[in-house]
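Heads up, the thing below is written out as structure tokens.
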Amino acid sequence: MHLKIHNPIPLGRGLGSSGAAVVSGVLLASLSTSLNLTPSRILDYCTLIEGHPDNIAASLHGGFVASFLSSDISDLHKALHDKDLVLDLDSDKYDDSKVPRLPYGEGEEGLTRWVDLGIHKGVKAVVVVPDFELKTKVARSVLPGSYGVGDVVFNLQRVVVLATALKGGSSSGWGAVGGEGFDRGGGYMFVGYYV
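Quick note: the sequence shown uses the UniProt record's numbering, first residue 1, plus one each step.
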């Protein structure tokens with residue numbers, strides 16, 4: 001097998017490069033070994049590798065999507081470990097009957113759920129790529145361990161307004177979309193931006 005990789009997603013810039021890499025790897029494994037994993041299983045395996053579905057669902061399905069876990073990811077890791085679900089892709093030993101399956105019944109939804117929120121055709125994306133790298137773990141480290149009810153309500157309201165505005169193409173809700181909830185009690189991550 002010969003691979004040529006072209007990745008236009010800047011690394012370490014908050015644009016989902018790790019999620020895209022994980023999805024690419026799992027898709028490649030599924031296709032090159034004839035695993036024929038379903039989209040639901042692909043999403044679950046990718047989520048297990050990445051640790052959360054945020055960028056995984058968007059990388060796999062495209063568009064404006066929301067995702068969540070239907071159960072605690074650590075419980076699934078334990079279930080897989082307890083069942084000793086290890087995949088050996090050595091060509092001399094490969095046995096399709098031993099392909100690991102996530103512990104869900106056939107046809108059931110898996111660990112990761114997602115929904116396409118849709119986006120109005122008139123909405124155009126603008127991507128700003130910072131000229132420095134910032135690891136997600138480091139960026140999240142300045143956020144408080146918990147938020148007050150007021151901050152949670154404030155942000156949930158804005159998320160709903162943002163999703164509705166993007167889907168409907170209406171600009172009437174844009175003024176309500178702001179980052180106040182993330183500005184409270186944070187710290188400086190880089191020059192010119194306070195979290």
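Every residue gets a Cβ at the ideal spot worked out from N, C-alpha and C, and that includes glycine.
>> If you follow the beta strand (DSSP E) that T112 is in, where does it begin and where does it stop?
In response: 112–116
>> Nearest by alpha-carbon distance to K167: which of R41, S141, H120, D72 is it?
In response: H120
>> Run through the DSSP bridge pairs and tell me what S67 is partnered with.
In response: W114
>> Quick check: what's the CA-CA separation for H2 versus T33?
In response: 14 angstroms
> Of all the options W114, D72, A139, V160, which has the alpha carbon lying nearest to the alpha carbon of N55?
Replying inline: W114
>> Could you compute how far the alpha carbon of D131 sits from the alpha carbon of G122?
In response: 29 angstroms
> Buried or exposed: L28, going by 16 or more other Cβ atoms within 10 Å of its Cβ?
Replying inline: exposed
>> I need the DSSP call for S141, collapsed to helix, strand or coil.
In response: helix
> How big is the Cα-Cα spacing for G12 and S171?
Replying inline: 31 angstroms
> So A66 and L117 are in contact, right, with Cβ under 8 angstroms, and what is the actual spacing, rounded?
Replying inline: 6 angstroms
>> Between the alpha carbons of V149 and L156, how many angstroms are there, rounded?
In response: 10 angstroms
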